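Student: Before anything else, here's the structure in question.
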């Protein structure tokens, strides 16, 4: 044991030296000469304070891996401690595998140190270019949920997740502690949370850092964990013993569960590690406490480039690690350090779970949709719910993929509400807590996870997908906005990862947004918000896609596409009410190929005007407007275009090039175009900017007019109703001299009267009139 501890101490000294040197040095990286100003980087960037604790944890995990030959995935919450992670990847040799210059030589150390926080070198935070990383850790709060997602359906994997005490104050982390209640040890891996308490954030103490041990133990025992606290003297011995006990506890619980002997909810371990912030670094500077204080959070001696006293203090600090006894130019790291490095396959930076590609990613076996889709040979046939059909599809999907266990549905308590409950014929909702006799559709190994924390679900999905499995997150449209920033962080990760040659393909992140604002008239204004789509379509180009299936059949075709796509973020927007069927599977697939389509059954040749719609309820209103126009003014020739897919690149299938010429093939070169859009009009405005004369485009959409009212009144309030569309067609056709001005005026007055009458009617009866409720396509 003493020899092992000596190896850990020497390993940690080496890692601490390399961590600090990355922040400060650009020359003289082995300190073969006294430091000069010329050796110091012109910009000092990085975060020192958390690095020693990370190095301590990593070294001890390496010892655990070597002892038990176990596969451990490392998730680092405080990603600003990247210098420490990079140092460990360098020592274990993983970095060299992906960056050949990172050799255990003088040149390799110079490469590592010089390129940290250097233009076109390495960033300041862990990132997709870091081997073994599935979390960037820039925006704090997501490490624990991501770790639990990685452990799902990975029965032999342990995920060691380091949570900083600053990160532990975030809302997403607070809810993620409860995710242990979804982890069935019979079929899943385990997460070992390591709460690293160094006591301070950037400029002050952390809440957790000032809690007593009794409070900490009570808190985490209440969360359902068996907490271990490591602190004080002989900390290496304590850490070694605690980690081994945690490991043995995890394996014992898993073995008991897999033999069917686990009768009570498992109490898995978690660790609370207390070390000084900036441990082993500069003790005081200019009369202020540094080690063990918030002043060690980032760069400590900030004037080392120009102040000789700070330069000398930096040199004393770096030389205190005696790196020359740990590394030499001929043989690399010494035997003590090399003895702590696991076999290459077991190195945490080389974990096969973190890189995507085959064999980690197994394609789903998908159901055929033809037997689920309902008859739509006559367009406008009433009676299909996109979400009910999705529930049937997902039920079969779970049946087909039982063996591989590589699909999960995540939803915040809304599987029933969103009409997806057909899935419970095959699987159930996961929960390992004690059950009541009357509980429904709950089992320890269910493939549906429901929790009223969108952040926790998003993290689970990210961890699950990044380790090669497939998932759908189904949510009320308005409330998915809670994770907009988290999704944006993931998209940044994905954008970089797509260009890293050694990262393989991963399944796409798939959202279903339902209970949309257009049919949240019963819940009111707070439930009406299509803003998530706006955020998605403002950035990241071709790999972020929003789909607006107009009916249940198209919904199934889109699902098929999304579940076979990779390296993308897909958002499907679909209602759950019974709505008309418009397309057969053949036509739906045809529309999906291009992302939009002229609907011949609703279009004339040589049109005077184009009506276009994106979204099921908006499509219905546009087609209803066409029937009114045909009745009132049949001489007007109309083309109807349905828009199925949008991306930041514009209209249509984001995998295809869609130029201005393509656009004109659908929307003509110079005719007026009226859009009826599911989301905010500004989203379409930005996509139309490069498509020629924008004065011919007229966009209707959600304009923040909502309340508790009737479904059709939502369209009236936002001017997306059939009557508003018809009025605008008549006005534009009069301007174009297609119809007489007096006819337009008369028809506008007719529909103004209908708008007034509708308001009177719903205030009296509380529902929409029959002509709206019973409308059918003719």
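Residue numbers (our numbering): 6 to 783. For each residue, glycine too, the CB sits at the ideal point set by N, CA and C. Just so it is clear, the structure is predicted and the values come from calculations on it, not from any experiment.
#1: For the candidate residues 422, 540 and 583, whose alpha-carbon lies nearest to that of residue 494?
#2: Output the distance between the C-alpha atoms of residue 72 and residue 344, rounded to the nearest integer angstrom.
#3: Decide if residue 522 is buried, meaning its Cβ has at least 16 other Cβ atoms within 10 Å, or exposed.
#4: Check whether the Cβ atoms of residue 166 and residue 179 lie closer than 8 Å to each other.
#5: By DSSP, does residue 458 sit in helix, in strand, or in coil?
#6: Label residue 621 either buried or exposed according to how many other C-beta atoms from any shown protein chain fall within 10 Å of its C-beta, with 16 as the threshold for buried.
#7: According to DSSP, is residue 508 helix, strand or coil?
#8: If we count the other Cβ atoms within 10 Å of its Cβ and call it buried at 16 or more, is residue 478 buried or exposed?
#9: Within its chain, find whatever has a CB closer than 6 Å to the CB of residue 386; leave out the 5 residues flanking it on each side and keep chain order.
#10: Take residue 196 as the anchor and find which of 258, 643 and 296 has the nearest alpha-carbon.
#11: Inspect the beta-carbon positions of residue 412 and residue 369 and report whether they are closer than 8 Å.
#12: Under DSSP, the alpha helix (DSSP H) around residue 567 begins and ends at which residues?
#13: Output the distance between the C-alpha atoms of residue 678 and residue 733, rounded to the nearest integer angstrom.
#14: Just list the residues that DSSP pairs residue 235 with in beta bridges.
#15: Who are the near neighbours of residue 704 in its chain, counting only those whose CB is closer than 7 Å to its CB and skipping five residues on each side?
#16: Using three-state DSSP, classify residue 144 as helix, strand or coil.
#17: Just to confirm before moving on: does the CB-CB distance between residue 482 and residue 535 stay below 8 Å?
#18: Alpha carbon to alpha carbon, how far is residue 777 from residue 528?
#19: Alpha helix (DSSP H) containing residue 248: first to last residue?
#20: Please list, in chain order, all residues of the same chain as residue 472 whose beta carbon is under 6 Å from its beta carbon, the five residues on each side excluded.
#21: Reducing DSSP to helix, strand and coil, say where residue 466 ends up.
#22: Which of helix, strand or coil does DSSP assign to residue 358?
#23: The beta strand (DSSP E) spanning residue 579 covers which residue range?
#24: Just tell me which of 184, 619 and 452 has its CA closest to the CA of residue 438.
#25: Mind checking whether residue 31 and residue 119 have CB atoms under 8 Å apart?
#26: Only counting the same chain, and skipping five residues up and downstream in sequence, which positions put a Cβ closer than 6 Å to that of residue 399?
#27: Would you kindly report the start and end of the unbroken alpha helix (DSSP H) that includes residue 702?
#28: Nearest CA to the CA of residue 83: which residue from 516, 203, 701 and 510?
#29: I'd like the span of the beta strand (DSSP E) that includes residue 368, first residue to last.
#30: When DSSP labels each residue in this structure, what does residue 267 get in the three-state scheme?
#31: If residue 601 sits next to residue 649, beta carbons under 8 Å apart, how far is it from one beta carbon to the other, in whole angstroms?
#32: Taking just the CA atoms, how far does residue 350 sit from residue 98?
#33: As a quick exercise: from 24, 45, 255 and 367, pick the residue whose alpha carbon is nearest that of residue 160.
#34: Taking C-beta to C-beta, are residue 787 and residue 252 nearer than 8 Å?
#35: Can you pull the DSSP bridge partners for residue 519?
#36: Straight-line CA distance for residue 142 to residue 261?
Tutor: Let's see:
#1: Along the chain shown, one-based indexing puts residue 494 at 489. It is 540 whose Cα lies nearest to the Cα of residue 494.
#2: On the chain shown, residue 72 is found 67 positions in, with the first residue counted as 1. On the chain shown, residue 344 is found 339 positions in, with the first residue counted as 1. Cα to Cα, residue 72 sits roughly 11 Å from residue 344.
#3: Your numbering for residue 522 matches position 517 in the chain shown. It is buried - the Cβ of residue 522 has at least 16 other Cβ atoms within 10 Å.
#4: Along the chain shown, read from residue 1 onward, the residue named residue 166 stands at position 161. Along the chain shown, read from residue 1 onward, the residue named residue 179 stands at position 174. No; because the gap between Cβ atoms is not below 8 Å, this pair is not in contact.
#5: Taking the first residue of the chain shown as 1, we reach residue 458 at position 453. Three-state DSSP puts residue 458 in coil, outside helix and strand.
#6: Counting from 1 along the chain shown, the entry for residue 621 is found at position 616. So residue 621 counts as buried.
#7: Start at 1 with the first residue of the chain shown, and residue 508 comes out as number 503. Residue 508: coil per DSSP, three-state reduction.
#8: Taking the chain shown and counting its residues from 1, the one referred to as residue 478 is at position 473. With 16 or more other Cβ atoms within 10 Å, it is buried.
#9: Reading the chain shown from its first residue, position 381 is the one you call residue 386. Around residue 386: 586.
#10: As a first step, residue 196 must be located in the chain shown, where it is residue number 191. Among 258, 643 and 296, the Cα nearest to that of residue 196 belongs to 258.
#11: Here residue 412 is taken as the residue at index 407 of the chain shown, counted from 1. Here residue 369 is taken as the residue at index 364 of the chain shown, counted from 1. Taking 8 Å as the Cβ cut-off, residue 412 and residue 369 qualify as a contacting pair.
#12: For the purposes of this step, residue 567 is taken as residue 562 along the chain shown, with counting starting at 1. 557 to 569 is the span of the alpha helix (DSSP H), which, as asked, contains residue 567.
#13: Here residue 678 is taken as the residue at index 673 of the chain shown, counted from 1. Here residue 733 is taken as the residue at index 728 of the chain shown, counted from 1. Cα-Cα distance, rounded: 10 Å.
#14: Along the chain shown, one-based indexing puts residue 235 at 230. Bridge partners of residue 235: 278.
#15: On the chain shown, position 699 is the one that residue 704 refers to. The answer, listed in chain order, is 680, 682, 686, 689 and 690.
#16: Along the chain shown, read from residue 1 onward, the residue named residue 144 stands at position 139. If DSSP states are grouped into helix, strand and coil, residue 144 belongs with coil.
#17: Locating residue 482 in the chain shown gives position 477, counting from the first residue. Locating residue 535 in the chain shown gives position 530, counting from the first residue. Contact: yes.
#18: Counting from 1 along the chain shown, the entry for residue 777 is found at position 772. Counting from 1 along the chain shown, the entry for residue 528 is found at position 523. In a straight line, the C-alpha of residue 777 is about 21 Å away from that of residue 528.
#19: Residue 248 sits at position 243 when you count from the first residue of the chain shown. Element bounds for residue 248: 240 to 263.
#20: Counting from 1 along the chain shown, the entry for residue 472 is found at position 467. The residues are 155 and 358.
#21: As a first step, residue 466 must be located in the chain shown, where it is residue number 461. Helix, per DSSP.
#22: In the chain shown, residue 358 corresponds to position 353, counting from 1. Three-state result, residue 358: helix.
#23: Residue mapping note: residue 579 aligns to position 574 of the chain shown, counting from 1. Residue 579 -> no beta strand (DSSP E), and no H or E assigned at all.
#24: Along the chain shown, read from residue 1 onward, the residue named residue 438 stands at position 433. Considering only alpha carbons, the answer is 184.
#25: Taking the chain shown and counting its residues from 1, the one referred to as residue 31 is at position 26. Taking the chain shown and counting its residues from 1, the one referred to as residue 119 is at position 114. For residue 31 and residue 119, yes; Cβs fall inside 8 Å.
#26: Reading the chain shown from its first residue, position 394 is the one you call residue 399. Taken in chain order, the residues that qualify are 428.
#27: Here residue 702 refers to the residue found at position 697 of the chain shown. Element bounds for residue 702: not the alpha helix (DSSP H) but the beta strand (DSSP E), 702 to 705.
#28: For the purposes of this step, residue 83 is taken as the residue at position 78 of the chain shown. Selected option, being the one with the closest Cα: 203.
#29: One-based indexing of the chain shown puts residue 368 at position 363. From DSSP, residue 368 is part of no beta strand (DSSP E); its letter is neither H nor E.
#30: As a working mapping, residue 267 is identified with position 262 in the chain shown. Residue 267 falls in the coil class under three-state DSSP.
#31: On the chain shown, position 596 is the one that residue 601 refers to. On the chain shown, position 644 is the one that residue 649 refers to. That pair is a contact at about 6 Å.
#32: As a working mapping, residue 98 is identified with position 93 in the chain shown. As a working mapping, residue 350 is identified with position 345 in the chain shown. Cα-Cα distance, rounded: 11 Å.
#33: As a working mapping, residue 160 is identified with position 155 in the chain shown. The residue with the shortest Cα to Cα distance from residue 160 is 255.
#34: The chain is shown from 6 up to 783; residue 787 falls before or after that span and cannot be answered.
#35: Here residue 519 is taken as the residue at index 514 of the chain shown, counted from 1. Note: residue 519 sits in a beta bridge opposite 481.
#36: Within the chain shown, the letter at position 137 stands for residue 142. Within the chain shown, the letter at position 256 stands for residue 261. Residue 142 and residue 261: Cα-Cα distance of roughly 35 Å.
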